[in-house]
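Student:
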Amino acid sequence: MESMMFDTSLLNEPMVRLVVGIVIGLVLGSFTTMLSYRLPRRLSIITPPSTCPTCQTQLTPLDLIPVLSWLMNKGCCRHCTAPIGARYMVIELVTTLAITAAFVALGFTPTLLAAIIGIMAVITYTVIRCEY
Ligand SMILES: [Zn+2]
């Protein structure tokens, strides 16, 4: 069993923190954007999967890669070319950067978990406050 355990010293290498921070930051950035859109509209945050607000095409995981997919499609929906607000990309970008920074600064600690929840809560709250 011991050999199956994570090598926790590896997890605290700065490069590992950075890479894991970016990956998790991107995922949670996408999730935070979705939360900040759906919560004030009383939409389910579990279903349905994200769709383009204009053509209702279900977005594939590729479309949901934040920032990158937005840049590749020049800010438009890949299916109907309707413009997608840069606002969403900004929310994703800010969340991703903040969570990546938290990973690098805090490492894999319980504080990190608290920081991530805090970051997501503050950003979601701020977006909803700004919108209404
Ligand atoms: Zn579309």
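The opening residue of the sequence shown carries number 59 in the numbering used here; numbering runs sequentially from there.
Beta carbons: idealized from backbone N, C-alpha and C, even for Gly.
For threonine 167, which three-state DSSP category applies?
Tutor: To locate residue 167, count along the sequence shown from 1; it is residue 109. Coil at threonine 167, not helix or strand.
Student: Using only the heavy atoms of ligand 1, determine whether one of them is closer than 7 Å to the beta carbon of threonine 115.
Tutor: Along the sequence shown, read from residue 1 onward, the residue named residue 115 stands at position 57. Yes, the beta carbon of threonine 115 sits closer than 7 Å to at least one heavy atom of ligand 1.
Student: With a threshold of 7 Å, establish whether the CB of alanine 140 neighbours any heavy atom of ligand 1.
Tutor: Numbered from its first residue, the sequence shown carries residue 140 at position 82. Result yes, Cβ under 7 Å from ligand 1.
Student: Identify, in the order they occur along the chain, each residue of the same chain with its Cβ nearer than 8 Å to the Cβ of methionine 92, setting aside the five sequence neighbours on each side.
Tutor: Residue 92 sits at position 34 when you count from the first residue of the sequence shown. Hits under 8 Å: Ile103 and Ser108.
Student: Does DSSP classify glutamate 60 as helix, strand or coil?
Tutor: For the purposes of this step, residue 60 is identified with residue 2 of the sequence shown, where counting begins at 1. Unreliable positioning characterises glutamate 60 in this predicted model, as indicated by a pLDDT of 49, which lies under 50. The coordinate reading is nonetheless provided below. Glutamate 60: helix per DSSP, three-state reduction.
Student: Taking 7 Å as the cut-off, is the C-beta of cysteine 188 nearer than that to any heavy atom in ligand 1?
Tutor: Counting from 1 along the sequence shown, the entry for residue 188 is found at position 130. No, the beta carbon of cysteine 188 sits no closer than 7 Å to any heavy atom of ligand 1.
Student: State whether the region 137 to 148 contacts the region 71 to 81, with contact taken as three or more CB pairs (one from each stretch) at a distance under 8 Å.
Tutor: No, because fewer than three Cβ pairs between the region 137 to 148 and the region 71 to 81 fall closer than 8 Å, the two stretches do not touch.
Student: Whole angstroms is fine: what's the gap from threonine 90's alpha carbon to glycine 83's?
Tutor: By one-based count along the sequence shown, residue 90 stands at place 32. By one-based count along the sequence shown, residue 83 stands at place 25. Going from the Cα of threonine 90 to the Cα of glycine 83 covers about 10 Å.
Student: Rounded to the nearest angstrom, what separates isoleucine 149 and leucine 68 at their Cα positions?
Tutor: Position 91 of the sequence shown, counted from the first residue, corresponds to residue 149. Position 10 of the sequence shown, counted from the first residue, corresponds to residue 68. Whole-angstrom Cα-Cα distance: 31 Å.
Student: Pop quiz: threonine 153 and leucine 86 are said to be a contact at Cβ under 8 Å. What is the actual Cβ separation, rounded to whole angstroms?
Tutor: Here residue 153 is taken as the residue at index 95 of the sequence shown, counted from 1. Here residue 86 is taken as the residue at index 28 of the sequence shown, counted from 1. Sure, about 6 Å apart at Cβ, within 8 Å.
Student: Can you give me the start and stop residues for the alpha helix (DSSP H) that serine 108 sits inside?
Tutor: Locating residue 108 in the sequence shown gives position 50, counting from the first residue. From DSSP, serine 108 is part of no alpha helix (DSSP H); its letter is neither H nor E.
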